[in-house]
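One structure below.
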Amino acid sequence: MPDKKAARARLAQEIQGFHPRLWRYCLALSGERTAAEDLCQSACLRALEKSDQLQPASNSDRWVFRIARNLWFNQLRAEKVRRGGGLVASDDIALASPDPNAETNIFHAEVLRAVMALPEAQRITVFLVYVEGFSYKEAAEHLQIPIGTVMSRLAAARSKLAAYNPNADAATRQSL
Amino acid sequence: MTANGIDDEDLVAYLDGELSAERAAQIRAALESDVTLRDRLSALQIDTAAVRSAFDSLLDQAPAGMLKNTTAPPPALIGRRATAIAASLLIVAALGFTMGRFSAPPETEDWRMAVAEYQLLYRSETLSHLVREDDALERERARVVARLGLDIDGKTLMNLDGLSYRRAQLLGFEDAPLVQFAYLDGNQQPLAFCVTPTGAADRPVESANLKGLSAASWIAGGYAFLVIGDIAPDHVRRTAETLAGAIGKGA
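As structure tokens, then:
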């Protein structure tokens, strides 16, 4: 079936382009690296299996993101809990940066730690809206929740993250 | 919901530019007269650009995924991002192969036409920015030829007369791996040397014109070879003969 093969080849090529972003989303979903790698790998495989179902006009990245989300919530997340991995965001996200003295790296690591320490639902919503640039409506559709829930998650997350308020004074920032 | 009918969700949507113009105007007006509301807004303000750039810094660390189980040596000389991207290219290509049934090797004509069409999309800019250390090129070559199952010597590949070696890529045709080595000639014209397994019998080097590109192809030892580019036919042929000679000698 050349059409099916062509669809898979096309999708494989597109995944090449957004693979790092997909892995990053898997990290936001799962909260830790090992699970993120497994999830990312499973999502790629599942997407390629189902590549003939991708509508030609749709964004393949959003489609594969949805596959990753479904895999995480319907399957892998439960396995992780069963294995006793828990759902606590882990500190290993902030890896040693190439230049640990660079101020921006320290700041990035702090911000990452703060976001990854948010409760799962808030963390994922913050990621989709502020990192991936989803509109509230898009985030609601992707997560299959009402827009109001997107808003309340963001409000809760924002109050916790407000230490990164650009107007916050240095003392507040350091106390994090 | 608070006394003035503005809750935190409204304020967040206001900050994120998600409110209707009308509702945003109401909140703006309320903020002007209400100090408490301004404090509440301030308590919800975060540096979203910092969040984005912190997460962007993670992109460099994207792992090689499928490749983590292979024996590829750790990257040292090329940047982490380049490694990650190159690695993910390979993973996806590898995924395509491992998932598909390994069917009959491609028909000679078909795969050559597919390569010709692909090659038509190449411009000098596709390759001119790819300038990397020898070690990185060598690791890339080793990885790619390992997938192919035919070891083509780096010295042969990277020292072809009048051609500057740029990259090795793992592609696929039907369910078979297809390896492409990319070059630029002295006029910055792209040229590709491609190899894929075949079930066809050996055939000596023969020249052809495929989709307007100069080409030379041959079959040896279960592999089909093709040199192709928009450059002089005799340069393509000479290159093909050099490669056929070297690979025939087990290079």
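Those protein sequence lines, which keep their order, are chains A and B.
Under my numbering, the first residue of the first sequence is numbered 4, with each subsequent residue one higher.
Under my numbering, the first residue of the second sequence is numbered 851, with each subsequent residue one higher.
Think of the CB as a built atom: it goes at the ideal place given N, C-alpha and C, for glycine as much as any other residue.
By the Cβ test, the region 974 to 988 of chain B is not in contact with the region 1063 to 1073 of chain B, since fewer than three Cβ pairs between them sit closer than 8 Å. In chain order, 859 make up the part of chain B whose C-beta sits under 7 Å from the C-beta of residue 155 (chain A).
According to the DSSP assignment, residue 1083 (chain B) belongs to the alpha helix (DSSP H) that extends over 1083 to 1098. Under the DSSP assignment, residue 972 (chain B) falls outside any beta strand (DSSP E); it carries neither an H nor an E label. Looking at the backbone, the Cα of residue 142 (chain A) and that of residue 155 (chain A) are separated by about 13 Å.
Under DSSP, residue 1046 (chain B) takes part in a beta bridge, and its partners are B:1074.
Residue 73 (chain A) carries a helical assignment under DSSP once its states are collapsed to helix, strand and coil. In this structure, the straight-line span from the alpha carbon of residue 48 (chain A) to that of residue 65 (chain A) is close to 16 Å. In its chain, beyond the 5 residues on either side, 1055 have a beta carbon closer than 7 Å to the beta carbon of residue 1091 (chain B).
Distance from residue 1043 (chain B) to residue 1093 (chain B) at the Cβ level is roughly 6 Å; contact confirmed, criterion being Cβ atoms closer than 8 Å. Sequence-distant partners of residue 80 (chain A) (beyond 5 residues in either direction) whose C-beta falls short of 6 Å from its own C-beta are missing from its chain. DSSP lists B:1033 as the beta-bridge partner residues of residue 1015 (chain B). The Cβ neighbour count for residue 971 (chain B), taken over all protein chains shown within 10 Å, is under 16; the residue is labelled exposed. Contact note: residue 134 (chain A) reaches chain B through 901, 902 and 905, using a C-beta cutoff of 7 Å and chain order. Taking the CA atoms as reference points, residue 912 (chain B) sits about 12 Å from residue 37 (chain A). Residue environment for residue 886 (chain B): exposed (fewer than 16 other C-beta atoms within 10 angstroms of its C-beta). In the DSSP secondary-structure assignment, residue 1064 (chain B) is bridged to B:1059 and B:1079. In this structure, residue 28 (chain A) sits near residue 135 (chain A), with a CB-CB distance shorter than 9 Å. For residue 888 (chain B) against residue 881 (chain B), the beta-carbon gap comes to about 6 Å, under 8 Å, which counts as contact.
With a cutoff of 9 Å on beta-carbon distance, residue 1083 (chain B) and residue 1067 (chain B) are scored as not near each other.
For residue 859 (chain B) against residue 158 (chain A), the beta-carbon gap comes to about 5 Å, under 8 Å, which counts as contact.
DSSP places residue 18 (chain A) within a helical segment (H, G or I) once states are collapsed to three. In this structure, residue 121 (chain A) lies away from residue 71 (chain A), with their beta-carbon atoms at least 9 Å apart.
In this structure, the CA atom of residue 963 (chain B) is about 15 Å from the CA atom of residue 1029 (chain B).
About 6 Å separates the Cβ atoms of residue 74 (chain A) and residue 46 (chain A), confirming a contact at the 8 Å cut-off.
Of all residues in the region 1024 to 1047 of chain B, only 1024 and 1025 place a beta-carbon less than 9 Å from a beta-carbon of chain A. Cβ atoms of residue 1002 (chain B) and residue 1097 (chain B) come within 8 Å of each other, at about 6 Å. From the beta-carbon of residue 165 (chain A), the residues of chain B found nearer than 7 Å are 893, 894, 895 and 896. The C-beta of residue 33 (chain A) comes no closer than 9 Å to any C-beta of chain B. Straight across, the Cα-Cα distance linking residue 865 (chain B) with residue 19 (chain A) is about 34 Å. In the three-state scheme derived from DSSP, where H, G and I count as helix and E and B as strand, residue 65 (chain A) is classed as helix. Beyond the five residues adjoining it in sequence on each side, residue 891 (chain B) comes within less than 7 Å, by CB distance, of 861 and 881 in the same chain, given in chain order.
Under the Cβ distance rule, residue 1095 (chain B) does not count among the residues neighbouring chain A, no pair being separated by less than 9 Å. Contact annotation: residue 905 (chain B) and residue 115 (chain A) have beta-carbon atoms nearer than 9 Å.
The Cβ-Cβ distance between residue 1081 (chain B) and residue 1039 (chain B) falls below 9 Å. In the DSSP secondary-structure assignment, residue 1040 (chain B) is bridged to B:1034.
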